[in-house]
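Novice: Protein chains in written order, with the working numbering: chain A, 1 to 110; chain B, 111 to 222.
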């Protein structure tokens with residue numbers, strides 16, 4: 001079983017739609033949680049950290065449920081520029097030894 | 111741009127050969143981590159170097175080795191290349207071991 005599991009998609013949505021991604025992790029000792037974005041043939045970039053209390057950054061909302069070992073990302077009012085692969089990432093302390101999911105591909109169409 | 115550079119951009123090798131990939135960290139960063147990303151997969155942690163010492167290793171065989179220099183740049187060496195080593199190799203630098211990692215553009219390695 002993979003340490004971080006994600007639905008690979010692709011998720012095809014029209015502009016303006018709301019889309020949600022989920023991921024589960026198996027290591028209960030994980031302490032840090034992130035969503036990264038990776039454009040085609042580019043390097044991953046940090047989208048946002050994820051906290052138990054939930055956090056929001058503009059159109060993006062991330063949630064963490066430690067009891068269920070479940071992380072989510074909600075994107076509201078999707079833009080064409082949101083098309084990318086979204087990687088769920090867990091780690092020990094801080095950013096040490098990042099463990100990535102396989103990523104979920106999002107395609108936003110006009 | 112993250113200020114992390116990698117060379118070469120692309121590389122083609124044959125099975126059994128050896129390869130060295132290079133990474134220049136962002137100015138002021140003392141930690142470099144290396145990841146392997148196979149097609150359709152997420153990056154997998156190979157190892158991390160902190161102040162010239164290995165500081166953690168993922169599930170990769172000993173033929174994957176590394177080095178960090180006094181200026182904190184780093185090398186990844188892979189011996190006895192196998193077809194499955196074909197992947198995008200990413201390095202990431204961070205201010206310190208626990209800080210955000212900034213990824214370089216990667217080196218795309220093809221093993222024939």
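Note that beta-carbon positions come from the ideal geometry of N, C-alpha and C, so glycine has one too.
Counting contacts by CB-CB distance shorter than 8 Å, is residue 121 of chain B in contact with chain A?
Specialist: So, not an interface residue.
Novice: Here's the rule I'm using: 16 or more other beta-carbon atoms within 10 Å means buried, otherwise exposed. How should residue 128 of chain B be labelled?
Specialist: Result: exposed.
Novice: Please determine, among B:193, B:206, B:199 and B:213, the residue with the shortest C-alpha to C-alpha distance to residue 123 of chain B.
Specialist: Closest by alpha carbon: B:193.
Novice: Less than 8 Å between the C-beta atoms of residue 119 of chain B and residue 214 of chain B, yes or no?
Specialist: No; because the gap between Cβ atoms is not below 8 Å, this pair is not in contact.
Novice: Using a Cβ-Cβ distance under 8 Å, would residue 132 of chain B count as near chain A?
Specialist: No, residue 132 of chain B lies away from the interface with chain A (no Cβ there is under 8 Å from its Cβ).
Novice: Under 7 Å Cβ-Cβ, which residues of chain A neighbour residue 181 of chain B?
Specialist: Here the premise fails: no neighbours, minimum Cβ distance about 21 Å.
Novice: State buried or exposed for residue 207 of chain B, treating a residue as buried only when at least 16 other CB atoms are found within 10 Å of its CB.
Specialist: When all chains shown are included, residue 207 of chain B counts as buried.
Novice: Near residue 210 of chain B, what residues of its chain come up, given a Cβ to Cβ distance below 8 Å and the 5 sequence neighbours on each side ignored?
Specialist: The answer, listed in chain order, is 204.
Novice: With H, G and I counted as helix, E and B as strand and the rest as coil, what does DSSP make of residue 203 of chain B?
Specialist: DSSP places residue 203 of chain B in strand when its eight states are reduced to three.
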